[in-house]
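One structure is given here, and the rest of the page talks about it.
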Amino acid sequence: MPDDGSKPGDDGSKTAIVSDEMAKKFATEKETPYTRWVKNEGLDIISSIYVKNLYTVELKPWARREGKGVYLNHDASRTTNDCYVCEIDPGKKLAPQRMVFEEMIMILSGRGSTSVWNDKGDRITFEWGPGALFAIPLNCWHQHFNASGKDPARFVAVTNAPPMINVYEDPEFVFNTAYDFKGRFNGEPDYFAAKSETNGFKLETNFVPDAVNLPLITAKERGAGGGHIR
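The sequence shown finishes on residue 229 if you use numbering that gives the first Met the number 0, and the numbering steps up by one all the way, no holes.
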């Protein structure tokens with residue numbers, strides 16, 4: 000039998016010979032286009048599965064966004080999604096940006112506004128405060144403003160940036176592609192209007208003014224005193 004670099008396993012199959020050094024390298028290698036991108040942004044990645052307090056977690060200056068931030072990307076989902084915490088200084092605004100990945104934002108503290116616009120020129124602006132929950136329409140330009148002259152505004156965002164950046168390996172494409180997804184946003188003036196009408200347990204809206212105190216729908220089948228909404 001020719002020597003093909005393998006050896007019989009206990010079950011009669013062949014098991015590839017891999018050195019301990021190579022196995023260790025594969026087990027610990029975690030650098031990806033996404034992690035390199037975050038590093039180039041000048042930010043840290045918190046990889047733990049638990050962050051005690053998003054309101055006080057330490058942030059670093061974020062030059063591209065003209066604010067401060069830190070990324071959260073734990074091992075269990077590091078290739079599928081991430082979070083980041085961002086802070087806007089009093090009386091300041093973040094730099095405009097667009098991106099071809101999804102982003103949902105929850106305001107932790109502060110009050111301000113966000114402008115959203117597309118290449119066609121449609122533009123809308125809405126205001127937010129603590130507990131507000133909203134998603135940025137795919138690839139739309141947007142900019143966040145802090146309305147307070149004395150207090151910072153802080154939010155946490157959930158995105159699917161890791162797979163998009165890892166697949167394309169081209170931040171210029173991810174953050175600077177000129178294309179309007181008209182099915183996602185086409186200048187609707189009420190796009191970010193708060194809605195209260197539900198369909199069963201489902202609330203279809205692009206903006207929740209206060210998700211922390213959002214009334215839940217009673218669900219007795221989930222146990223006494225239970226309630227939820229989607």
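Each residue gets a CB set at the ideal place from its N, CA and C atoms; glycine is no exception. Only a predicted model underlies this, so the values are computations on that prediction, with no experimental measurement involved.
Point to revise | Through-space distance from F100 to D121, alpha-carbon basis | key: 20 Å
**Study point:** Beta-carbon proximity list for D189, same chain, < 8 Å, skipping 5 on both sides
**Key:** none
Review point. For Y33, which three-state DSSP category applies?
Key: Under the three-state reduction of DSSP output, Y33 falls in the helix class.
Check your understanding: Straight-line CA distance for P95 to I48?
Key -> 30 Å
Check your understanding: In chain order, what residues of the same chain have a beta carbon less than 7 Å from the beta carbon of F125, not counting five sequence neighbours either side?
Key -> S112, T113, F191, F206
Practice item. Indicate the three-state DSSP secondary structure (helix, strand or coil) for K59 in the structure shown. Key: strand
Check your understanding: How many angstroms separate the CA atom of H141 from the CA atom of E30?
Key -> Each residue's Cα considered, the two are about 29 Å apart.
Check your understanding: Looking at the unbroken beta strand (DSSP E) that takes in V84, where does it start and where does it end?
Key -> 81 to 87
Check your understanding: Is there contact between the segment 69 to 79 and the segment 153 to 166, where contact requires at least three CB pairs shorter than 8 Å?
Key -> yes
Check your understanding: Taking DSSP as the reference, what is the three-state secondary structure of D9?
Key -> Because D9 carries a pLDDT of 46, less than 50, the predicted location of this residue cannot be relied on, and the following value inherits that uncertainty. The answer is coil: DSSP assigns D9 none of H, G, I, E or B.
Review point. So, is Y83 buried or exposed, given that buried needs 16 or more other C-beta atoms within 10 angstroms?
Key: That one is buried.
Exercise for review: Between the Cα of D118 and those of A62, L132, R97, I104, spot the shortest distance and give me the residue it belongs to.
Suggested key: R97
Exercise for review: Taking E86 as the reference, give the member of P60, G130, F174, N185 with the closest Cα.
Suggested key: Taking only the C-alpha atoms, the option nearest E86 is P60.
Practice item. Whole angstroms is fine: what's the gap from I45's alpha carbon to F172's? Key: 26 Å
Review point. Helix, strand or coil: which one does DSSP assign to Y178?
Key: coil
Check your understanding: What do you reckon, are the CB atoms on A251 and M105 nearer than 8 Å?
Key -> No answer is possible for residue 251: it lies beyond the span of the chain, which begins at 0 and ends at 229.
Practice item. Determine the DSSP secondary structure at Y70, reduced to helix, strand or coil. Key: strand
Check your understanding: DSSP puts I111 in a beta bridge; with which residues?
Key -> For the sequence presented, residue 111 should be read as Gly rather than Ile. In the DSSP output, where bridge partners are listed per residue, G111 has W127, N145.
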